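The structure under discussion appears below in the form of structure tokens.
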Amino acid sequence: MRWRSPALATAVVVIAAFCWGLSAIFAKGAFESGIPPERMAEARIAIAGVLLLGFLAVARRDLLRVPREALHPAIVFGVSLVLVNVSYYVAIDRLPVGVAIALQYTAPVFVLAVTGLVGGRVPGALVWVAGVMALAGAILVSGAYAGFGGVDGVGLVAGFGSAVSFAMYLLSAEAAGRRGAHPATLLAVGCIVAAAIWTVVAPWWTWPFDRLGDPVNAFRVIAVGVVGTLLPFLLVLAALRVISSALAGIAATFEPVFASGLAFLLLGQGLSVAQLVGGALVVIGVVLA
């Protein structure tokens with residue numbers, strides 16, 4: 190799918206952010222049931238890859254061919270899928286969730302810096318203002334401003350690693366899209382590359398399948414693979430054919446807003462004034478961008 194309107198493409202990234210925020214609730218439950226973060230990261234890519242490749246093999250075999258000029262960024266994209274998932278889940282496991290989310294959403298700043306220094310596309314002042322506002326909003330919504338005391342060192346490194354790898358994910362996806370890769374093709378290649386890496390690092394036959402004996406836990410894992418991976422990744426990749434990686438990164442800062450709102454609705458967690466102000470900052474930042 191492809192849209193001509195940047196506003197519509199930005200809205201699609203916001204929908205993807207909602208999916209990520211919802212899947213964080215499922216992932217947290219899976220962690221508490223004994224599934225290690227790195228194995229959840231492996232499972233979500235495997236589920237998304239099997240479903241997507243199965244569909245393409247039956248209905249759209251033409252999309253299984255990768256344009257030669259897009260192959261390199263597609264491989265980088267696959268590596269970034271592994272890195273962003275593992276680092277993010279390790280950060281969530283070892284840090285307060287708010288701190289982990291806020292660290293990941295420093296990614297738009299990395300994207301803006303890379304596009305300016307390497308890509309030769311210097312972002313305008315308004316985009317920088319929007320990025321800073323969205324980041325500030327994410328920090329307020331997540332409550333990270335109160336959570337850095339006595340922070341776990343490994344978790345901190347993982348959090349910043351998730352930001353860098355998320356920026357790499359956005360930039361490589363944008364590059365592959367500019368070179369003619371269809372969103373479904375790019376995600377399929379990414380899943381194949383990620384699966385190859387996982388087979389070496391954490392073979393699938395050592396996965397804790399016994400944890401899936403609980404139907405609720407099995408549902409959580411499948412939900413993370415479909416709602417938190419396949420659907421939002423396809424939406425973002427399609428949007429990146431219309432908008433820049435910088436704008437997509439800023440729009441994605443809606444995730445902590447949705448995560449906090451869903452925690453309020455589904456888990457009964459309260460919303461503070463700071464979180465409400467942070468949500469407003471994210472909205473304003475995305476509109477300005």
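Counting in my numbering, the sequence shown tops out at residue 478, every number present.
Virtual Cβ for every residue (Gly too), placed ideally from N, Cα, C.
As the structure is a prediction and not an experimental result, all values here were calculated from the model.
**Prompt:** Should residue 196 go down as buried or exposed, given a rule of 16 or more other Cβ atoms within 10 Å for buried?
**Reply:** exposed
**Prompt:** Under the rule that 16 or more other beta-carbon atoms within 10 Å means buried, what is residue 418, buried or exposed?
**Reply:** buried
**Asked** Leaving out the 5 sequence neighbours to the left and right, which residues in its chain are closer than 8 Å to residue 204 when beta-carbon positions are compared?
**Response** 421 and 424
**Message:** Does residue 258 pass the burial test, meaning 16 or more other C-beta atoms within 10 Å, or should it be called exposed?
**Reply:** exposed
**Request:** Report the residue from 445, 451, 438 and 448 whose alpha carbon sits nearest the alpha carbon of residue 298.
**Result:** 438
**For residue 348 and residue 216, the rounded distance between their alpha carbons** = 16 Å
**Boundaries (first-last residue) of the alpha helix (DSSP H) holding residue 209** = 195 to 221
**Item:** residue 381 versus 264, 274 and 345, residue with shortest Cα-Cα distance
**Value:** 264
**Item:** Three-state secondary structure assigned by DSSP to residue 295
**Value:** coil
**Request:** Give a yes or no on contact between the segment 273 to 284 and the segment 222 to 239, applying the rule of three or more CB pairs nearer than 8 Å.
**Result:** yes
**Message:** If you reduce the DSSP assignment to three classes, tell me which class residue 400 lands in.
**Reply:** helix
**Whole-angstrom distance between residue 402 and residue 377, CA atom to CA atom** = 29 Å
**Request:** Kindly indicate which residue of 405, 414 and 446 has the alpha-carbon position closest to the one of residue 221.
**Result:** 405
**Message:** When you compare the CB positions of residue 202 and residue 365, do they come within less than 8 Å of one another, or not?
**Reply:** no
**Message:** Between which residues of its own chain and residue 358 is the CB-CB distance below 6 Å, once the five residues before and five after are set aside?
**Reply:** 269 and 273
**Request:** Could you tell me how far apart the beta carbons of residue 226 and residue 300 are, in whole angstroms, since I believe they sit closer than 8 Å?
**Result:** Between residue 300 and residue 226 the Cβ distance is about 24 Å, and since that is not below 8 Å, they are no contact.
**Request:** Measuring alpha carbon to alpha carbon, tell me which of 343, 295 and 361 ends up nearest residue 443.
**Result:** 295
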